[in-house]
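Colleague: This is the structure, below, for whatever I ask next.
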Amino acid sequence: MYIVSEVLFWALAIFFLYGALNNFLARGNLRETYRNWGYPDGFHYVTAVLEFIAAILLIVPSTRIFGAALASCVMVAATGTLLRAGLRKQAIIPGIILAFSGLGVAAAYSAVSQS
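Each residue of the sequence shown is one higher than the last, beginning at 68 in the numbering used here.
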């Protein structure tokens, strides 16, 4: 089970590092997309910082529960934003990542409670 947990945490960390980089660079029409969703200018930086913090917390074993919890919150917001915008198909991936982040919370809690 240890290896599965490690793969989960590292996969989530990589996903959130990638997301942080994409949101920070805001390539293409990302700024306009955020604006269309009703977020203020520069909010993509807030998302980038939250994703980066989640990724770092997921890498460090003693902070994984906080990283997984933050990752879950970010994915709740992403999924909710897409659903509110009527983009149900685009909400599938964030919903799946939300489920894996929830598994990360459970795995981190299990590791903490066993030690």
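The C-beta atom is built at its ideal place from N, Cα and C for all residues, glycine as well.
#1: Write down the C-beta distance between residue 78 and residue 126 rounded to the nearest angstrom, noting that I regard them as a contact closer than 8 angstroms.
#2: Helix, strand or coil for residue 127, going by three-state DSSP, please let me know.
#3: Which same chain residues end up closer than 6 angstroms to residue 140 when comparing Cβ atoms and leaving out the 5 residues on each side of it in sequence?
#4: In whole angstroms, what separates the C-alpha of residue 83 from that of residue 103?
#5: Assuming residue 132 and residue 176 form a contact by the criterion Cβ under 8 angstroms, report the distance between their Cβ atoms to the nearest whole angstrom.
#6: Roughly how many angstroms lie between the CA atoms of residue 107 and residue 129, to the nearest whole one?
#7: Ignoring anything shorter than 4 residues or poking outside the stretch 133-167, list the alpha helix (DSSP H) runs there in chain order.
#8: Verify the contact flag: residue 156, CB atom, against every heavy atom of the ligand HEM, threshold strictly below 8 angstroms.
Modeller: From the atom records:
#1: About 11 angstroms separates the beta carbons of residue 78 and residue 126, which is beyond the 8 angstroms limit, so they are not a contact pair.
#2: The answer is coil: DSSP assigns residue 127 none of H, G, I, E or B.
#3: none
#4: The straight-line gap from Cα to Cα measures roughly 23 angstroms.
#5: 6 angstroms
#6: 34 angstroms
#7: none
#8: Among the components modelled here there is no ligand, and therefore nothing to report on the ligand HEM.
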